[in-house]
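Remarks on the structure that follows.
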Amino acid sequence: MKKYLPCIASILLGLLFVMASVMFFLHLGPEPKFPEGSPIAHFMGAFGPTGYMNFVKVFELTGGIVVMIPRLRNFGLLLLGPVIINIIAFHTFITGGEGLLNPMLDIIIVCALYLLWNARRKFAGLLN
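So the mapping is simple: the working numbering equals the position in the sequence shown, first residue as 1, plus 34.
Spelled out as structure tokens, the structure:
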């Protein structure tokens, strides 16, 4: 069971990011409406017209696919790491902590931390 757990976590993490980016690119979900003048509206107002959200979603899609491939899993974690940190920072600073207990976000954080812990010896070389 111990050798299957990283595969399950990486597939789950990858599918969540692939699903989110595909929904964005194919416009499959409803477009969220934010209260006018709120910090979220200002933040998303800057992301939308500049194309920055497209840039981030390409990294999500690429990282989601790559993290599901066992041989490239650690490279996928390197691609998804900054995205995950930015998602956490958004929910912490922009929304005031609202959304941090979202089950999808919690699964992403747990899977990413588990995979990072599982490959800690391979990532230790980055710190030296």
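All C-beta atoms, glycine included, are put in the ideal place defined by N, C-alpha and C.
query: Among the residues of its own chain, which have a CB less than 6 Å from the CB of Gly48, if the five just before and after it don't count?
result: Gly98, Val101 and Met102
- prompt: What residue does the alpha helix (DSSP H) around Glu94 start on, and which one ends it?
  reply: Tyr86 to Val101
C-beta atoms of Val117 and Val90 nearer than 8 Å: yes
Cα-Cα separation between Glu65 and Ala153, rounded to whole angstroms: 37 Å
task: List the endpoints of the continuous alpha helix (DSSP H) containing Ser44.
output: Leu39 to Phe59
- request: Give a yes or no on whether the C-beta atoms belonging to Leu114 and Ala158 are separated by under 8 Å.
  value: no
message: Is Glu132 near the ligand GDP - that is, is its Cβ less than 7 Å away from at least one heavy atom of it?
response: No copy of the ligand GDP occurs in the structure displayed, which carries no ligand at all.
- prompt: Would you call Pro110 buried or exposed, if buried means 16 or more other Cβ atoms sit within 10 Å of its Cβ?
  reply: Looking at the sequence provided, one finds Gly at residue 110 rather than Pro. Result: buried.
task: Counting only the same chain and skipping the five closest in sequence on each side, list residues whose C-beta sits under 7 Å from that of Pro73.
output: Ile128
message: Among Val56, Gly79 and Leu39, whose alpha-carbon lies nearest the alpha-carbon of Lys67?
response: Gly79
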